[in-house]
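Asker: The working numbering applies: residue 14 is where the sequence shown begins, and numbers increase by one.
Even for Gly, the Cβ is constructed at its ideal location relative to N, Cα and C.
The model shown is predicted, which means the values in this text are computed figures rather than measured ones.
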Amino acid sequence: MAHPNRLHNTSLLIFGGTSGIGLGIASMALSNGAYVTISGSTPAKVAAKVAELQSLYPTLPPEHVRGYACDLADTENLEDNLREVFEKVTEGGERKVDHVAFTAGDAVKLPKLAEVRVEDVLAGFKVRLLSAVMIGKLLSTGRYMPASPRSSLTLTSGTNTLKPLPGWAVGAAWGAAIEGLGRGLAVDMKPIRVNVVAPGAIDTPLLQKFKAGVGEEVEKRFREEGSLMGVWGSVQDEAEAYGWFMRDWFVTGALAESNGGRMLV
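Written as structure tokens, this is what we have:
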């Protein structure tokens, strides 16, 4: 039997899809002939990235890429904002999504332990955890995603959850909450599959800001000593981890680590 392309003609929705890993997932899915919707916080950036993705795959019809803005930081209206996106993407539940990837995050400050305040800790859960919970709630209704092992939700944590750097106690807790949520949702949302990807140091705009701030010598040391590979990971590398969770209809409640062997350093 010829091996099928399990992403061809499927529908994907990516929160955080306008940059970094999320944009890489969108490109990976389009290369497999999927229909992709990206979501980000600002309409202008969403429109620009939709146009960019369309230009990368000119042989695909333009309708293979869409985008909608959604303010995940608006906690008071979060569920309504997410529901509005799902209603648009699925045309009122008539054309369900097969896969949802969640890579969104906001630029919260990582507090030092000696200076941390309660509000600092809670801030890191605002977009990452609350949005993921509400997405799980909406998908569990059956209106927006088929209740099938062919359907998936993939969340995002990070290697500092398992191997925190100095000063990362609170940040590790943010990631651990996502990993625990992923396992719990896998149980509560079955047969929809729920998994978590824990990326290492990936060459995204966020990492590029770090590199620009520390200088070449420090950047080189972090890069060479931070993994067995001695290089930064790429968004294309990480997209393959999310692609695995979408394609493998028998994997759920799992954690995928793509970190260049950082745990062995």
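When the Cα of Gly-266 is compared with those of Leu-198, Leu-91, Met-242, Gly-256, which residue comes out closest?
Answerer: When each option's Cα is compared against that of Gly-266, the closest is Leu-198.
Asker: Can you tell me the Cα-Cα spacing of Val-248 and Thr-154, whole angstroms?
Answerer: Cα to Cα, the separation comes out at about 32 Å.
Asker: With C-beta atoms as the reference, is Ser-165 less than 7 Å away from Phe-258?
Answerer: yes
Asker: What whole-angstrom Cβ distance do Val-183 and Gly-195 have, given they're in contact under 8 Å?
Answerer: With 8 Å as the limit, Val-183 and Gly-195 do not qualify as a contact, their Cβ atoms being about 20 Å apart.
Asker: Output the residue ranges of the alpha helix (DSSP H) runs that lie fully inside the stretch 165-250 and measure 4 residues or longer, sorted by chain position.
Answerer: Correct list: 182-201, 218-227, 229-238.
Asker: What is the DSSP secondary structure of Arg-79, reduced to helix, strand or coil?
Answerer: strand
Asker: Reducing DSSP to helix, strand and coil, say where Val-113 ends up.
Answerer: Strand at Val-113.
Asker: Tell me which residue opens and which closes the beta strand (DSSP E) that Gly-53 is part of.
Answerer: 48-53
Asker: Could you check how far apart the C-beta atoms of Asn-22 and Gly-53 are, in whole angstroms? I think they sit under 8 Å.
Answerer: Going by Cβ atoms, the distance from Asn-22 to Gly-53 rounds to 24 Å, so no, they are not a contact pair.
Asker: Candidates Gly-188, Leu-175, Ala-185, Arg-206: which alpha carbon is nearest Met-276's?
Answerer: Leu-175
Asker: From the DSSP output, which residues share a beta bridge with Ser-271?
Answerer: Pro-212
Asker: Between the C-alpha atoms of Pro-336 and Lys-139, what's the straight-line distance to the nearest angstrom?
Answerer: Residue 336 lies beyond the range of the chain shown here (14 to 278); nothing can be said about it.
Asker: DSSP beta-bridge partners for Leu-25?
Answerer: Val-49, His-112
Asker: Would you tell me roughly how many angstroms separate the C-alpha atoms of Phe-235 and Pro-179, rounded to the nearest one?
Answerer: One alpha carbon belongs to Phe-235, the other to Pro-179, and they sit about 14 Å apart.
Asker: Is it the case that the Cβ atoms of Leu-26 and Val-146 are separated by a distance below 7 Å?
Answerer: no
Asker: Looking at the secondary structure, which residues open and close the alpha helix (DSSP H) in which Pro-56 lies?
Answerer: First-last of the alpha helix (DSSP H) with Pro-56: 56-69.
Asker: Would you kindly check if the distance between the Cβ of Gly-246 and the Cβ of Gly-213 is under 7 Å?
Answerer: yes
Asker: Among Gln-67, Lys-58, Ala-61, which one has its Cα closest to the Cα of Ser-44?
Answerer: Gln-67
Asker: What is the C-beta distance between Ala-252 and Thr-167, in whole angstroms, given that I count them as a contact (C-beta under 8 Å)?
Answerer: Contact doesn't hold; Cβ gap of about 11 Å is too wide.
Asker: Just to confirm, are Val-49 and Ala-61 a CB contact at a threshold of 7 Å?
Answerer: no
Asker: May I have the straight-line CA-CA distance separating Leu-220 from Glu-192, to the nearest angstrom?
Answerer: 22 Å
Asker: Candidates Ala-86, Leu-85, Gly-80, Glu-89: which alpha carbon is nearest Val-102's?
Answerer: Gly-80
Asker: Given a threshold of 16 other Cβ atoms within 10 Å of its Cβ, counted over all protein chains shown, does Ser-271 qualify as buried or as exposed?
Answerer: buried
Asker: So Arg-108 and Ser-24 are in contact, right, with Cβ under 8 Å, and what is the actual spacing, rounded?
Answerer: 7 Å
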